Each structure stands twice: as C-alpha cells, then as structure tokens.
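What follows is a set of notes on a single structure, which appears directly below.
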Amino acid sequence: MSTAYNSDIIAWSEEQTRLLRSGNFSLLDIEHIAEEIEDVGKSERRELASRMVILLAHLLKWQFQPGRRGSSWQRTIKEQRRAIQAHLKETPSLKVSLGNETWFDGIWADALARAIDETGLDLFPEDCQWSVEQIFDPTFYPEAQD
Numbered sequence: 003m004s005t006a007y008n009s010d011i012i013a014w015s016e017e018q019t020r021l022l023r024s025g026n027f028s029l030l031d032i033e034h035i036a037e038e039i040e041d042v043g044k045s046e047r048r049e050l051a052s053r054m055v056i057l058l059a060h061l062l063k064w065q066f067q068p069g070r071r072g073s074s075w076q077r078t079i080k081e082q083r084r085a086i087q088a089h090l091k092e093t094p095s096l097k098v099s100l101g102n103e104t105w106f107d108g109i110w111a112d113a114l115a116r117a118i119d120e121t122g123l124d125l126f127p128e129d130c131q132w133s134v135e136q137i138f139d140p141t142f143y144p145e146a147q148d
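Sequence positions in the sequence shown follow the working numbering and run 3 to 148.
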C-alpha cells in the first residue's frame, strides 16, 4: 500500500477506489475496506437510533408536559418522523430494528434519560405505551397525562 490507512484515511480511500475501479484487486487493503463497510452499517443504525430517541423523548414531553407544548416541539416531532421515514426508505433493512425488542428497549431507555434530563421530571413509564404505527403516525400526539 502506498497510502497507509492510519495516516490519511481520505487519501487511502481515494487510492482504494482507484484500485477497485481499475481492477487491481490484489493491491486492495481488504481488511480495512471490510472495516469501513461495517462502519457504514453502524453509522446508519446510529442515525436511526439517534432520531428515534429524539422523537420518543419529544412525544414523552408532549404527553407529560401539556402546558409547555409549543410549535417547536411539534416541528421537532414532525421533522424526526419525516427524517426517519426517509432514512428507512433509503435503507429498508433498518426496519428490522424497529421490531427488535432488545434494540427498542435500549432506544426507549435513552429516550427516557433524555426526557428526564430535559424536563427534570421522573414520572415517565418504564415501557413504551405506543405502537410503532402510532409513533410514526403524523396525526398521533399522545394525550396529556397527569
């Protein structure tokens, strides 16, 4: 390899691209290419998780702080729903995550932590009370809880 993976990732990736396109497969840095491909998948999953946490935290705030509801929360909920749907359309294999109980439990725990941190309240349900369909339904906003 003329460009070391650890010294300049951009130059390395451009070199690997040239090698791939020219058919010089024997010169490829296969191990690092495999790592980079795995990282792409991890990045896509992190994006989905991050947006889900924000969406769920805002739905919780909407439900448990009805007096503080405003257009900014509504915009955030709408934007996260839109972005998640676009992300799932571009990467349909991520839909499996939504049905993975372990994954969803972790997302819910992170959403709870975020909602607690942002509100100072510690009264949210331990388990998600909404279906995936409700979470993504553009007309669904949870009813106020006392």
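Quick reminder that beta carbons are idealized off the backbone N, C-alpha and C, glycines included.
Just so it is clear, the structure is predicted and the values come from calculations on it, not from any experiment.
For residue i, the nearest candidate out of the options (CA to CA)
i      : options                       : result
Arg48  : Ile109, Thr5, Arg70           : Ile109
Tyr143 : Leu30, Leu57, Ile118          : Leu57
Gly85  : Gln18, Pro140, Ala115, Gly101 : Note that residue 85 corresponds to Ala in the displayed sequence, not to Gly. When each option's Cα is compared against that of Ala85, the closest is Pro140.
Distance between residue j and residue i (C-alpha atoms, nearest Å)
i      : j      : result
Ser133 : Asp107 : 13 Å
Met3   : Glu38  : For Met3, the predicted structure reports a pLDDT of 48, less than 50, and the residue's modelled location is therefore unreliable. The matter cannot be settled from this model.
Asn102 : Thr78  : 25 Å
Classification of residue i by the beta-carbon crowding that lies within 10 angstroms, buried from 16 upward
i      : result
Gln65  : buried
Ala146 : exposed
Ala36  : exposed
Ala6   : exposed
Lys97  : exposed
Ile137 : buried
Leu29  : exposed
* Are the segment 14-33 and the segment 53-60 in contact at 8 Å, needing three or more beta carbon pairs? -> Taking 8 Å as the limit for Cβ pairs, the verdict is that the segment 53-60 does not touch the segment 14-33.
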